[in-house]
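This is how it looks when you write it as structure tokens:
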């Protein structure tokens, strides 16, 4: 990936010894036509499935996040003020838009969150540390929103963030590419799916 920030931002965090895959908000609201946040990104679910399958085969933990709010949105704060359509994730909201597009396996943790970052106000960091994880492999949606926030907070919590380009998506190719370039320059290593599968398969 070309680095728009120049040589001062050319470092790599690399892979550690104990990765985990965190699939961020890959729910029907983003993946199905008619969904309130639908992304016209037909390959993201398949790429996510390939990543998850490889992790399961290698014994690498897979964790999922979903957005959940109280029925009255009382726990949504200013996030919902900026994005009123988040009400589709309230308890009892019609449409089932908060349902995951891929099914977790038995024992895989599903973290409910109310903010963009999967770490903000959740047990994710503690759950990862309890499993000895040192590398967080991020997939899901959207690249400029919850994926980006999760990757930057992974770094802030002392994990090595790896963002899988093909397994993320956004509302346009420009948003996707610009945010990946910025993540790769400052906060995380952005890798292709094939690279991620090779590393995970070798764990």
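Residue numbers (UniProt numbering): 1 to 203.
We put the beta carbon where it would ideally sit given N, CA and C, even for glycine.
None of the values given here were measured: they were computed from a predicted structure.
Exercise for review: Ignoring anything shorter than 3 residues or poking outside the stretch 97-121, list the beta strand (DSSP E) runs there in chain order.
Suggested key: 110-113
Review point. Is there contact between the stretch 30-50 and the stretch 106-125, where contact requires at least three CB pairs shorter than 8 Å?
Key: no
Review point. Going by beta carbon distance, what residues of the same chain come within less than 6 Å of residue 189, once the five residues before and after it are set aside?
Key: 12, 13, 162
Review point. Okay, do the stretch 28-43 and the stretch 81-88 touch, 3+ Cβ pairs below 8 Å being the bar?
Key: yes
Exercise for review: Could you tell me how far apart the beta carbons of residue 16 and residue 160 are, in whole angstroms, since I believe they sit closer than 8 Å?
Suggested key: 5 Å
**Study point:** Boundaries (first-last residue) of the beta strand (DSSP E) holding residue 138
**Key:** 135-141
Exercise for review: Might you give, ordered along the chain, the residues of its own chain that have their beta carbon closer than 8 Å to the beta carbon of residue 105, omitting 5 neighbours on each side?
Suggested key: 56, 62
Check your understanding: So which of 138, 25, 157, 146 has the shortest CA-CA distance to residue 66?
Key -> 25
Point to revise | Which listed residue (128, 171, 191, 71) has its alpha carbon closest to that of residue 145 | key: 171
**Study point:** Continuous beta strand (DSSP E) stretch holding residue 131: start and end
**Key:** No beta strand (DSSP E) contains residue 131, which DSSP labels as neither H nor E.
**Study point:** Cα-Cα separation, residue 119 to residue 98
**Key:** 18 Å
**Study point:** Own chain, CB closer than 8 Å to residue 192, minus 5 neighbours either side, in chain order
**Key:** 164, 165, 166
Review point. Which one or two residues does DSSP pair with residue 62 in a beta bridge?
Key: 21
**Study point:** Range covered by the alpha helix (DSSP H) that runs through residue 189
**Key:** Taken as a continuous stretch (DSSP letters only), residue 189 belongs to no alpha helix (DSSP H), being part of the beta strand (DSSP E) at 189-191.
Point to revise | Proximity to residue 141 [Cα-Cα], best of 203, 134, 199, 175 | key: 175
Point to revise | Distance between residue 96 and residue 133 (C-alpha atoms, nearest Å) | key: 32 Å
Exercise for review: Identify whether residue 56 lies in helix, strand or coil by the three-state DSSP scheme.
Suggested key: helix
**Study point:** Unbroken alpha helix (DSSP H) run spanning residue 167, endpoints
**Key:** Note, residue 167: premise wrong, no alpha helix (DSSP H); beta strand (DSSP E) at 160-169.
Check your understanding: How would you write the range of the alpha helix (DSSP H) that residue 78 sits in, first residue to last?
Key -> 77-82
Check your understanding: By the 10 Å Cβ neighbour count, where 16 or more other Cβ atoms means buried, how is residue 48 classified, buried or exposed?
Key -> buried
**Study point:** Limits of the alpha helix (DSSP H) - the one that residue 40 falls within
**Key:** Residue 40 -> no alpha helix (DSSP H), and no H or E assigned at all.
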